[in-house]
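> My structure is below; once you've seen it, I'll send some questions.
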Amino acid sequence: MKKRILVTGGAGFLGSHLSDRLLKEGNEVLCLDNFFTGSRQNIHHLLENKNFELIRHDITFPTYLEVDEIYNLACPASPIHYQFDPVQTTKTSVIGAINMLGLAKRLKIKILQASTSEVYGDPEVHPQPETYKGNVNTIGPRACYDEGKRCAETLFFDYHRQHNVDIKVMRIFNTYGPRMHPNDGRVVSNFIVQALKGEDITIYGDGTQTRSFCYVDDLIDGMYRLMNSRSGFTGPVNIGNPKEFTMLELAQLAIELTNSKSKLAFRSLPQDDPLQRKPVIEMAKSELQWEPRIALRDGLIKTIDYFSKVI
Ligand code: NAD
Ligand code: UDP
Ligand code: UDP
1 MKKRILVTGG AGFLGSHLSD RLLKEGNEVL CLDNFFTGSR QNIHHLLENK NFELIRHDIT
61 FPTYLEVDEI YNLACPASPI HYQFDPVQTT KTSVIGAINM LGLAKRLKIK ILQASTSEVY
121 GDPEVHPQPE TYKGNVNTIG PRACYDEGKR CAETLFFDYH RQHNVDIKVM RIFNTYGPRM
181 HPNDGRVVSN FIVQALKGED ITIYGDGTQT RSFCYVDDLI DGMYRLMNSR SGFTGPVNIG
241 NPKEFTMLEL AQLAIELTNS KSKLAFRSLP QDDPLQRKPV IEMAKSELQW EPRIALRDGL
301 IKTIDYFSKV I
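Just so we're aligned, residue 1 is where the sequence shown starts under full-length UniProt numbering, counting upward by one.
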């Protein structure tokens with residue numbers, strides 16, 4: 001059955017891929033975005049599609065629409081962007097969640113929240129299961145994002161318990177792929193762009209910190225499965241690739257796959273930068289029959305292909 005689906009942050013990296021998927025499944029998409037980090041370029045190919053509608057709006061302000069489902073993705077995701085205006089970042093997560101939950105409550109519809117592995121902060125438990133409560137510095141430079149997302153989770157569960165809103169909460173781990181912003185400062189885009197340009201690869205700290213990188217198509221599949229999971233399943237559920245890499249390994253791979261002459265250049269480690277991160281994905285496997293399929297090497301080749309055309 002064709003649905004009208006609201007995607008907040010729909011002009012961003014993940015939102016644009018999600019819009020593609022939802023349209024492919026035969027739905028109508030209302031893409032709502034204030035273009036802080038998103039771009040018309042990401043959705044340019046959809047603008048002529050009669051099932052796609054673009055609304056320029058900031059979710060910190062109420063919005064009255066008639067839709068069947070909401071995916072709430074609006075929020076800058078890269079540290080340099082979310083730290084640019086930290087108060088606005090918290091407002092987007094918290095006031096934005098209240099507005100979207102208010103909309104879901106009025107319409108009695110399902111709403112999915114794009115939460116994050118950052119709710120675990122700099123984790124003292126490794127790898128991280130959904131039951132781990134996290135280790136976030138409430139007053140550090142990452143807190144606007146981490147605490148905003150934590151509070152949004154709280155709001156989702158309180159609207160669920162208090163107002164019976166049908167919620168799905170997804171904790172997304174580092175995701176990469178085509179349409180990442182070339183200058184948004186995230187490690188995969190930085191390393192690929194630097195390698196392609198033959199510039200120094202900037203390793204923050206000694207490069208032994210780890211992340212687990214999920215290719216965007218795998219991630220979107222997990223998101224879609226979560227929205228359509230059994231009634232009553234709320235999550236929070238980790239969606240990410242459990243294969244863990246150090247930043248040094250990632251840099252070597254970026255250099256090898258681009259055939260680059262770039263050298264490594266070591267820079268200071270940003271404050272509160274998590275030392276390690278790797279999801280436990282048993283819940284996603286059993287509830288969603290989901291696990292990632294695309295290995296880092298293969299996903300990087302597709303991403304390099306994209307960046308070599310746009311930079
Ligand atoms: P992105 O920055 O590319 O996309 C975010 C989108 O939200 C942008 O289009 C931006 O313009 C829009 N936006 C920001 N503030 C807004 C506001 N107040 N009102 C309306 N629109 C607003 O980031 P992304 O990587 O696509 O991330 C999407 C979501 O997934 C975010 O909520 C992010 O926290 C979450 N997430 C992403 C990752 C990842 O690795 N990409 C990891 C964990 C969580
Ligand atoms: N809201 C919205 N669209 C709607 C319904 C609600 O943007 O269709 C916003 C509205 O700003 C409201 C918030 O969501 O303040 C929370 O709604 P809720 O019903 O929980 O609270 P109340 O309206 O009682 O403040
Ligand atoms: N990083 C790096 N060089 C860069 C950008 C990032 O070494 O040019 C490191 C960063 O310090 C962190 C990891 O890569 O340890 C992932 O950073 P990113 O900003 O992509 O994601 P997050 O820290 O939010 O997981």
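Glycine included, every Cβ here is placed at the ideal spot set by N, Cα and C.
Let me know the beta strand (DSSP E) ranges lying completely inside the segment 228-268, each 3 residues or longer, listed in chain order.
Those beta strand (DSSP E) runs which fall completely within the segment 228-268 and span 3+ residues are 237-239, 244-246, 264-267.
> When you compare each of 93, 29, 191, 147 to residue 265 by their alpha carbons, which one comes out closest?
The residue given as residue 265 occupies position 265 in the sequence shown. Comparing Cα positions, the closest option is 191.
> How would you write the range of the beta strand (DSSP E) that residue 113 sits in, first residue to last?
For the purposes of this step, residue 113 is identified with residue 113 of the sequence shown, where counting begins at 1. Taken as a continuous stretch (DSSP letters only), the beta strand (DSSP E) holding residue 113 covers 110-116.
> With a 10 Å radius around its C-beta and 16 neighbouring C-beta atoms as the bar for buried, classify residue 174 as buried or exposed.
The residue given as residue 174 occupies position 174 in the sequence shown. Buried: at least 16 other Cβ atoms inside 10 Å.
> Taking the alpha-carbon of residue 85 as reference, which of 117, 268, 141, 129 has the nearest alpha-carbon?
Sequence index remark: in the sequence shown, residue 85 carries index 85 (1-based). Ranking the options by Cα distance to residue 85, first place goes to 141.
> Can you list every residue whose CB sits closer than 6 Å to some heavy atom of ligand 2, going in chain order?
Selection output, chain order preserved: 62, 63, 64, 98, 99, 102, 103, 105, 106.
> Quick one: residues in its chain with C-beta nearer than 7 Å to the C-beta of residue 271, no 5 flanking neighbours on either side, listed in chain order?
Position 271 of the sequence shown, counting from 1, holds the residue named residue 271. 140, 141, listed in sequence order.
> How many angstroms separate the CA atom of residue 122 from the CA atom of residue 278?
Looking up residue 122 in the sequence shown gives position 122. Looking up residue 278 in the sequence shown gives position 278. Computed Cα separation, rounded: 11 Å.
> Classify residue 154: buried if its beta carbon has 16 or more other beta carbons within 10 angstroms, exposed otherwise.
Start at 1 with the first residue of the sequence shown, and residue 154 comes out as number 154. Residue 154 should be labelled exposed.
> Cβ of residue 300 within 7 Å of Cβ of residue 248?
Here residue 300 refers to the residue found at position 300 when the sequence shown is read from its first residue. Here residue 248 refers to the residue found at position 248 when the sequence shown is read from its first residue. It is not a contact, given that the beta carbons lie outside the stated cut-off.
> Quick one: does the C-beta of residue 202 sit closer than 6 Å to a heavy atom of ligand 3?
Your numbering for residue 202 matches position 202 in the sequence shown. Yes, since a heavy atom of ligand 3 falls inside the 6 Å radius drawn around the Cβ of residue 202.
> So, is residue 298 buried or exposed, given that buried needs 16 or more other C-beta atoms within 10 angstroms?
Residue 298 sits at position 298 when you count from the first residue of the sequence shown. Result: exposed.
> Is residue 65 helix, strand or coil when you go by DSSP?
Residue mapping note: residue 65 aligns to position 65 of the sequence shown, counting from 1. Residue 65 falls in the coil class under three-state DSSP.
> Can you find at least 3 beta carbon pairs, one from the segment 174-184 and one from the segment 144-152, that sit closer than 8 Å?
Short answer: they don't touch.
> Can we say the segment 91-107 touches the segment 210-226, given the rule of at least three CB pairs closer than 8 Å?
In short, these stretches do not touch, since the Cβ pair count stays below three.
> Can you give me the C-alpha to C-alpha distance between residue 262 and residue 202, rounded to a whole angstrom?
Here the question's residue 262 lines up with position 262 in the sequence shown. Here the question's residue 202 lines up with position 202 in the sequence shown. One C-alpha to the other measures close to 10 Å.
> Which of the three DSSP states is assigned to residue 7 in this structure?
Position 7 of the sequence shown, counting from 1, holds the residue named residue 7. The answer is strand: DSSP assigns residue 7 an E or B state.
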